[in-house]
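All letters in the sequence shown, in the order written, are residues 11 to 117 by this note's numbering. Heads up, the beta-carbon is just placed ideally off N, CA and C, and yes, glycines get one too. Computed from a predicted structure; not experimentally measured. Structure, as structure tokens:
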Amino acid sequence: DIIHADLTIEFKWHSGDDPFCSSYSIGEGDDMKTSFLHDTKGGTDTAGQITAYIAAQLGAQFCTCAYSVLIVKSIARLIRWDRMGTVVSEPIAYNQELVLVEFFRRY
């Protein structure tokens, strides 16, 4: 039941399902923008899936923000969501770094 959810964790086994990537430029001149979203079907589907989970959680609870963890193969990303936007961490090699362990310890 989403009303009792505190943290969502989503696992994906294929790197093509990662909605995030290193930032890259789109366009030229004054129209140039920077994006960090993968423009793939799998990435777009995953982004929609995790966004739907958080939208349901924020809609059902009286909280100002929510956190989620996205694990794709051997990397993890911490994501903080609120009603103004989203903050996504750099990729964390969770089997080599203790950042994910430290996040759960402090959470």
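No Cβ-Cβ contact shorter than 8 Å links Arg116 with Ser99.
Between the alpha carbons of Ile85 and Ser25 lies a distance of about 9 Å. Where Asp55 is concerned, the enclosing alpha helix (DSSP H) starts and stops at Lys51 to Ala70.
Assignment of Glu107 by DSSP, reduced to helix, strand and coil, places it in the coil class.
Linking Asp27 to Asp55 through their CA atoms gives a straight-line distance of about 8 Å. Between Glu20 and Leu80 the beta-carbon gap is near 5 Å, inside 8 Å, which marks them as a contact.
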